[in-house]
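**Student:** Structure in structure tokens, see below.
Protein chains: 2
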Amino acid sequence: MNGNHIDAVDALFNPRRMAIVGASANLGKWGNIIPNNILRDGYKGELYLVNPRGGEIQGISFHPSLAAIGKEIDLAMITIPAEVVEEVIPDLARAGVKVAIVISGGFSESSPEGREMEESLVKKAHDHGIRLVGPNTMGITSAQWSLTALMPPVRPRPGHVAFAAQSGNLGTQMLGWGSYRGIGFSRFVCIGNQCDLDFADYLEYFARDEQTRAILLYVEGFKRPRRILELAEEISTGKPIVIYKAGGTGAGSRAAASHSAAMAGTREIYQGMMRQGGMIQAETTEEMLDFSDALVKMPIPRGHRTAILSWGGGWAVVAADLCERAGLDVVPLPPGVKEELASLLPSYWSKGNPVDMVGILDLDAHTRCLEVLAGCPEYDAIVSLGTINAAGAFQLREQAKESGGADDKLDEARHHYVKDRSTRFAQRVVELMEDLGKPIVTVGMPQRDSDSPEASEFPWDRISIYTNPERAARVAAMLVERGEYLRSRGV
Amino acid sequence: MNGNHIDAVDALFNPRRMAIVGASANLGKWGNIIPNNILRDGYKGELYLVNPRGGEIQGISFHPSLAAIGKEIDLAMITIPAEVVEEVIPDLARAGVKVAIVISGGFSESSPEGREMEESLVKKAHDHGIRLVGPNTMGITSAQWSLTALMPPVRPRPGHVAFAAQSGNLGTQMLGWGSYRGIGFSRFVCIGNQCDLDFADYLEYFARDEQTRAILLYVEGFKRPRRILELAEEISTGKPIVIYKAGGTGAGSRAAASHSAAMAGTREIYQGMMRQGGMIQAETTEEMLDFSDALVKMPIPRGHRTAILSWGGGWAVVAADLCERAGLDVVPLPPGVKEELASLLPSYWSKGNPVDMVGILDLDAHTRCLEVLAGCPEYDAIVSLGTINAAGAFQLREQAKESGGADDKLDEARHHYVKDRSTRFAQRVVELMEDLGKPIVTVGMPQRDSDSPEASEFPWDRISIYTNPERAARVAAMLVERGEYLRSRGV
């Protein structure tokens, strides 16, 4: 079956027409929930629902068979019981289906009989020129087609991270959590049992995919580790690959074996492989999102000299510690920069790096300090703390005038002011990153609304706000390491 | 001045009457912002505003002097310029003030002249029997008195964590972030320059304070490390002390010296001291909140045998790894427990610890599985993943009936269902922790509304929800270590 795997994955993520085999009028069945999710998010292709017993979902009548549709179908999604999946393969082939997602569980993950059934299914599919995703998968998404073919009610945010996950519940929850936080995804696939298409196939496709700028993998075990390493070495100088490898301990490996029939391998073997392949290892699930998102939104620094700008002293101290521990070089301020900053700040400012803006209430001064630091060629990366969702809160004069000083209105005015100022600062951060080609990693406290991606003017698709300096320092260090890796490969 | 420090801190956190010296009718001045914050949160004592030039805030007229109030004042808050603070000390003494918070900056943190001025101020205050907080502080809060005497517009949530911070901006932002996440605070003090009252005084008070069940310290440098160690050894078998020590690196130490005139000391010296004093070291700012909150809300486990319950396989694998790496013992299921769980779960469940509930949609079964694991005497702690804000989303039958299947209503119904089910599960978690005396550490994805403390029926004051398994594993490991420490001291 070599050769057609890329066409199959292409059909998976770019289906002009897709069919749900096992559609159900019964609310609460997967054959009902999945089409409802697809319709909710406005899939741009044509959706067909197949069930010989008839019925309809949101006005779309069921076809009694694939043949009855009378059109060529690119992608089929199968929600019928495991035992009868193999039977529909010839119908899929006749309808021109290139790839089928088998949602159904009860295959190799559950019993030796299930494993036999899975092997037989793969053979039959290959005999008919069909490639398979799953079985035992929660589905896929593709932003380009506004396609959310998932079991859970997650609404993915469109963007440029492609994510392949060896766990439906972890994968879809990360997808939801990331989207909630303003992280956008180009493609998502829950790989299920990898009976046919596997990590290597998705990785190869993501590498070529123009919609994808960073690749994220949640891995319990690779089926073809050599092929992964070969691909990673090819890909990772161009497109970054972030990987979270689960199942490193005894308990985790046992759990992985029962979960996805995966041999988890030892942590050391995988770590060596990841290093050799230039893959970026996330140590936590939060880092999976932080790293892949940062690689889409931020330029790669040319070195490890880091300036820290903080609204106040405490965060400056903490951030300086964390950056040094993460291997960044918090180098002293050049004299010219020191002078420029001194002209913007009160006499009692820190006069060093980190730059402590000693709680000044003037957001324009924050912005100018950022411009001075970011513009200085002695710095490769900037960490900026405390301005977003914070400093604006103090500049109350103008709003207070408008509100007439009434307490509830004052509070509301503060809120809008913070939102507005945070948005302006964030927009400037984005411009500076673009103009100067260096990353500006920002830390801000969450604030109802303004930390929500729905705050529409906030440039969520081009900036990440971290809720603490630890995350910012780790992201900055990751970007610096990425830069070192690329230079070591002559990129 | 020994002896009266506890009375002074008591007056600080329990002032029947307080006065703002330097109140201002000028919107945007601290002398205006702080009284507005105090009035907004409904301080239960009497608030007096002092300014010889007259004026008013929210209908409260200014008194021309402290003497003109004609009542005994417990606490004064000083917002006048540094140069004139010393002049008001005799007036404070005549009004019976026990403790004064000096908001004003421009003392030892900024120049040698400032240091002289600070030393002179302390001498004068002590001569008049007055103790000082600050200078260069952002203020204090006290939940018992609904007192929010702070510069920033933070609204602290009442609770049982007492927090002393050697940084106003870090401290108040942590206070705001924690409150947003459902963490409650009994007292908060931004210690400023510690010219008089210092960490040791606050620590001694918090130890005796009935409103406080866990103590949190953000430390750049101690003034009296020996006294802290002595106190910690006394206190920490009774009340837990969580500490975040900043300024361990070169860059951090330099920043700390300029920020709070603190000698940061080496990381190793402080770590030895923390261990000896039974203090719990937070490695990140997020852990400051996670640990102090968990110690208020969760029982201490009797050992390190941990059961993991997960809605799905991926999180189970990740959590098992993390728990083992954190030193917890993910021991196999006893046969009886295995049988009981088998009767609640489909045939293809994991049949081991971690317990993978294989994505079942039945929240009552989740609850019963939790009851079985928590009730088993072979387990000292439980980590429960994925039920809160997740599983409920799938049980759509009943809501779908009500909504008639319309997409928007279905979505709304789902949302309320998730909220309702999550709340019921959380309530059961709280009951089980109380009945069984063992911690149940829960992981759930954030969901608009139901992750917000405003979702009123959700038992936020008695449960913590972590957004990823890393945080849950670290919290569980911290609780286990706390148990070991207490047993080693015969508690």
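These protein sequences, in sequence, are chains U and W. Residue numbering for the first sequence follows this note's numbering, beginning at 1 and increasing consecutively. Residue numbering for the second sequence follows this note's numbering, beginning at 1001 and increasing consecutively. Yeah, the Cβ is synthetic: ideal placement off N, Cα and C, and Gly gets one too. Predicted model only: the values in this text are computed from it and were never measured.
1. Would you kindly check if the distance between the Cβ of U/Gly129 and the Cβ of U/His160 is under 8 Å?
2. Can you give the Cα-Cα distance for W/Arg1305 and W/Tyr1379, rounded to whole angstroms?
3. Apart from the five residues just before and just after U/Gln395, which ones in its own chain have a Cβ nearer than 8 Å to its Cβ?
4. Where does the unbroken beta strand (DSSP E) through U/Phe188 begin, and where does it stop?
5. What residue range is occupied by the uninterrupted beta strand (DSSP E) comprising U/Ser24?
6. Quick check for students: name the residue ranges of the alpha helix (DSSP H) that lie wholly in the region 1026 to 1108 of chain W, counting only runs of 4 or more.
7. Anything in the region 1175 to 1205 of chain W with a Cβ closer than 7 Å to a Cβ of chain U? List those residues in chain order, please.
8. Determine the extent of the alpha helix (DSSP H) in which U/Ala165 is found, giving its start and end residues.
9. With a threshold of 8 Å between beta carbons, is U/Asn169 in contact with chain C?
10. By the three-class DSSP mapping on this structure, what secondary structure does W/Lys1223 have?
11. Using CA atoms only, rank isn't needed, just tell me which of U/Ile300, U/Ser464 and U/Leu385 is closest to U/Lys438.
12. Check this for me: beta carbons of U/Ile20 and U/Val50, under 8 Å apart or not?
13. Going along chain W in order, which residues have a C-beta closer than 8 Å to the C-beta of U/Pro469?
14. If you measure from the beta carbon of W/Val1480 to each beta carbon in chain U, is any gap under 8 Å?
15. Strictly by DSSP, which residues pair up with W/Thr1141?
16. In three-state DSSP terms, what is U/Lys351?
17. Please list the partners that U/Ala82 has in chain W, where partner means a Cβ-to-Cβ separation under 7 Å.
18. Should W/Val1330 be labelled buried (16 or more other beta-carbon atoms within 10 Å of its own) or exposed?
19. Name the chain U residues that come within less than 9 Å of W/Tyr1379, Cβ to Cβ?
20. Name the DSSP beta bridge partners of W/Ala1307, please?
21. Within the same chain, show all residues whose beta-carbon is closer than 6 Å to that of W/Gln1058, passing over the 5 residues directly before and after it, in chain order.
22. For W/Ser1110, would you say it is in contact with chain U, using Cβ-to-Cβ distances shorter than 8 Å as the test?
23. Do W/Leu1295 and W/Pro1225 have their C-beta atoms within less than 8 Å of each other?
24. Locate the alpha helix (DSSP H) running through U/Thr367, then write down its first and last residues.
25. Measuring only the C-alpha atoms, how far is U/Gln194 from U/Leu121?
26. Taking only beta carbons into account, state which residues of the region 1234 to 1260 of chain W come closer than 9 Å to chain U, listed in chain order.
27. Round the Cβ separation of W/Ser1104 and W/Pro1081 to the nearest angstrom and send it over; I've been treating them as touching at under 8 Å.
28. What first and last residue would you give for the alpha helix (DSSP H) that runs through U/Thr172?
29. Quick one: what does DSSP say W/Ile1235 is sitting in, helix, strand or coil?
30. Short check: CB of U/Pro152 to CB of U/Ser179, under 8 Å?
31. Buried or exposed: W/Gly1070, going by 16 or more other Cβ atoms within 10 Å of its Cβ?
32. Which value, in whole angstroms, describes the spacing of the CA atoms of U/Val84 and U/Asp435?
33. Out of U/Ile308, U/Arg302, U/Leu322 and U/Glu286, which has the shortest C-alpha to C-alpha gap to W/Thr1285?
34. Identify the continuous alpha helix (DSSP H) that holds W/Glu1285 and give its terminal residues.
35. Check whether the region 228 to 243 of chain U and the region 204 to 216 of chain U are in contact - that is, three or more C-beta pairs closer than 8 Å.
36. With DSSP as the reference, label W/Gln1281 as helix, strand or coil.
**Tutor:** Looking at the coordinates:
1. Here residue 160 of chain U corresponds to residue number 160 of the first sequence, with the count starting at 1. Here residue 129 of chain U corresponds to residue number 129 of the first sequence, with the count starting at 1. Their beta carbons are not under 8 Å apart, which means U/His160 does not touch U/Gly129 by this criterion.
2. Here the question's residue 1305 of chain W lines up with position 305 in the second sequence. Here the question's residue 1379 of chain W lines up with position 379 in the second sequence. C-alpha separation (whole angstroms): 5 Å.
3. Position 395 of the first sequence, counted from the first residue, corresponds to residue 395 of chain U. Unreliable placement is indicated for U/Gln395, whose pLDDT of 42 sits below 50; no coordinate value is reported for it.
4. For the purposes of this step, residue 188 of chain U is identified with residue 188 of the first sequence, where counting begins at 1. Phe185 to Cys190 is the span of the beta strand (DSSP E), which, as asked, contains U/Phe188.
5. Indexing the first sequence from 1 puts residue 24 of chain U at position 24. Looking at the DSSP string, U/Ser24 is not in any beta strand (DSSP E), and its letter there is neither H nor E.
6. 1030 to 1040, 1066 to 1069, 1082 to 1085 and 1089 to 1094
7. Gly1176, Trp1177 and Tyr1180
8. As a working note, residue 165 of chain U is residue 165 in the first sequence. Counting along the chain, U/Ala165 falls outside any alpha helix (DSSP H), though it belongs to the beta strand (DSSP E) covering Pro158 to Ala165.
9. The displayed structure is made up of protein chains U and W, and chain C is not among them.
10. Your numbering for residue 1223 of chain W matches position 223 in the second sequence. Three-state DSSP puts W/Lys1223 in coil, outside helix and strand.
11. What you label residue 438 of chain U is simply residue 438 of the first sequence in a count that begins at 1. With distances taken between Cα atoms, U/Lys438 lies closest to U/Ile300.
12. Residue 20 of chain U sits at position 20 when you count from the first residue of the first sequence. Residue 50 of chain U sits at position 50 when you count from the first residue of the first sequence. In contact: U/Ile20 and U/Val50 (Cβ atoms closer than 8 Å).
13. Residue 469 of chain U sits at position 469 when you count from the first residue of the first sequence. Those are Thr1285, listed as they occur along chain W.
14. Walking along the second sequence from the start, residue 1480 of chain W turns up at place 480. Chain U contact via Cβ: absent.
15. The residue you call residue 1141 of chain W lines up with position 141 of the second sequence. Looking at the DSSP assignment, W/Thr1141 forms a beta bridge with W/Thr1148 and W/Phe1188.
16. Along the first sequence, read from residue 1 onward, the residue named residue 351 of chain U stands at position 351. Coil.
17. On the first sequence, position 82 is the one that residue 82 of chain U refers to. Chain W residues near U/Ala82: none, gap ~11 Å exceeds 7 Å.
18. For this step, residue 1330 of chain W is matched to residue 330 along the second sequence. It is buried - the Cβ of W/Val1330 has at least 16 other Cβ atoms within 10 Å.
19. Sequence index remark: in the second sequence, residue 1379 of chain W carries index 379 (1-based). Residues of chain U passing the Cβ test: none, with the nearest at roughly 14 Å.
20. Working through the second sequence from its first residue, we reach residue 1307 of chain W at position 307. Answer is W/Ile1382.
21. Residue 1058 of chain W sits at position 58 when you count from the first residue of the second sequence. For W/Gln1058, where only same-chain residues beyond five positions count, the Cβ hits under 6 Å are Leu1039.
22. On the second sequence, residue 1110 of chain W is found 110 positions in, with the first residue counted as 1. Chain U contact via Cβ: present.
23. What you label residue 1295 of chain W is simply residue 295 of the second sequence in a count that begins at 1. What you label residue 1225 of chain W is simply residue 225 of the second sequence in a count that begins at 1. For W/Leu1295 and W/Pro1225, no; Cβs fall outside 8 Å.
24. Reading the first sequence from its first residue, position 367 is the one you call residue 367 of chain U. Unbroken alpha helix (DSSP H) run through U/Thr367: Leu363 to Gly375.
25. Counting from 1 along the first sequence, the entry for residue 194 of chain U is found at position 194. Counting from 1 along the first sequence, the entry for residue 121 of chain U is found at position 121. Those two C-alpha atoms are separated by around 13 Å.
26. Tyr1244, Ala1246, Gly1247, Gly1248, Thr1249, Gly1250, Ala1251, Gly1252, Ser1253, Arg1254, Ala1255, Ala1256, Ser1258, His1259 and Ser1260
27. By 1-based counting over the second sequence, the position of residue 1104 of chain W is 104. By 1-based counting over the second sequence, the position of residue 1081 of chain W is 81. Correct: roughly 6 Å between the Cβ atoms.
28. Counted from its first residue, the first sequence places residue 172 of chain U at position 172. Taken as a continuous stretch (DSSP letters only), the alpha helix (DSSP H) holding U/Thr172 covers Gly168 to Tyr180.
29. One-based indexing of the second sequence puts residue 1235 of chain W at position 235. Of the three classes helix, strand and coil, the one that applies to W/Ile1235 here is helix, per DSSP.
30. By one-based count along the first sequence, residue 152 of chain U stands at place 152. By one-based count along the first sequence, residue 179 of chain U stands at place 179. No.
31. Here the question's residue 1070 of chain W lines up with position 70 in the second sequence. The residue in question, W/Gly1070, is exposed, as its Cβ has fewer than 16 Cβ neighbours within 10 Å.
32. Taking the first sequence and counting its residues from 1, one reaches residue 84 of chain U at position 84. Taking the first sequence and counting its residues from 1, one reaches residue 435 of chain U at position 435. Looking at the two C-alpha atoms, the distance is approximately 58 Å.
33. As a working note, residue 1285 of chain W is residue 285 in the second sequence. Residue U/Leu322 is the option with its Cα nearest to W/Thr1285.
34. By 1-based counting over the second sequence, the position of residue 1285 of chain W is 285. Here residue 1285 of chain W is Thr; the residue named in the question, Glu, does not match the sequence. From DSSP, the alpha helix (DSSP H) with W/Thr1285 extends over Thr1285 to Lys1297.
35. yes
36. Along the second sequence, read from residue 1 onward, the residue named residue 1281 of chain W stands at position 281. Of the three classes helix, strand and coil, the one that applies to W/Gln1281 here is strand, per DSSP.
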